[in-house]
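I have placed the structure first, in the form of structure tokens, so that the comments after it can refer back to it.
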Amino acid sequence: MIRLLPAAPAALPALFATLLVLALAPAPAAAQTDLSVCRYLPRHRPAPDVEFKPGVDVNGRPVAPADLPGSAGTAAPLRLDIPVTLDFARRIGLVVPPTGLPGRTEVGRLTMDGGQLFFNGQPLGGPSESQLYALCRTAQ
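In the working numbering, the protein residues as written are 50 to 189.
Structure, rendered in structure tokens:
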């Protein structure tokens, strides 16, 4: 989530334009983005006590460790493919106009690969906040 400083309402159009360019442009065009909006991104300053401490809860009380014997679980698959059919689209609440096609007709494929979601091979979503911060860091 990107939070803007309250004293910068005049910069909102530039920020939205930059985010739009980042979301729609291929990676090489990101270097042409107006980086003046970087100054409106909040700086992260973690408190010194936020590091994980095993065996201790947030209030400093002792707790059982999370890695108990026999709790290894299963590993997530490296790649997950989900066929998107007309029936599936209806089940998840999408409005599907009547087509006369059977409900099992595949209209696309969702793929989770390496922590990124794709629809028919195209990445879903624009650049993440961390990518915007990284772009601003390289410009400084």
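All residues carry an ideal CB built from backbone N, CA and C; glycine is no exception.
Worksheet item: Excluding sequence positions up to five away, which residues of its chain have a Cβ less than 8 Å from the Cβ of residue 183?
Response: Taken in chain order, the list of residues that qualify is empty.
Worksheet item: alpha helix (DSSP H) containing residue 135: first to last residue?
Response: First-last of the alpha helix (DSSP H) with residue 135: 135 to 140.
Discussion item. Measuring only the C-alpha atoms, how far is residue 139 from residue 126?
Written reply: Taking the straight line from one Cα to the other gives about 26 Å.
Item to complete: Taking 9 Å as the cut-off, decide whether the C-beta atoms of residue 134 and residue 148 are in contact.
Response: It is not a contact, given that the beta carbons lie outside the stated cut-off.
Worksheet item: Taking DSSP as the reference, what is the three-state secondary structure of residue 160?
Response: Correct three-state label for residue 160: strand.
Fill in: Close Cβ partners of residue 162 (< 6 Å) along its chain, the five nearest in sequence each way excluded
128.
Discussion item. Looking only at its chain, what residues have a beta carbon closer than 8 Å to the beta carbon of residue 111, apart from the 5 residues adjacent to it on each side?
Written reply: Non-local C-beta neighbours of residue 111 in its own chain, meaning closer than 8 Å and more than five positions away in sequence, comprise 104, 105, ordered along the chain.
Discussion item. In the DSSP output, what is residue 165 paired with across the bridge?
Written reply: According to DSSP, residue 165 bridges with 162.
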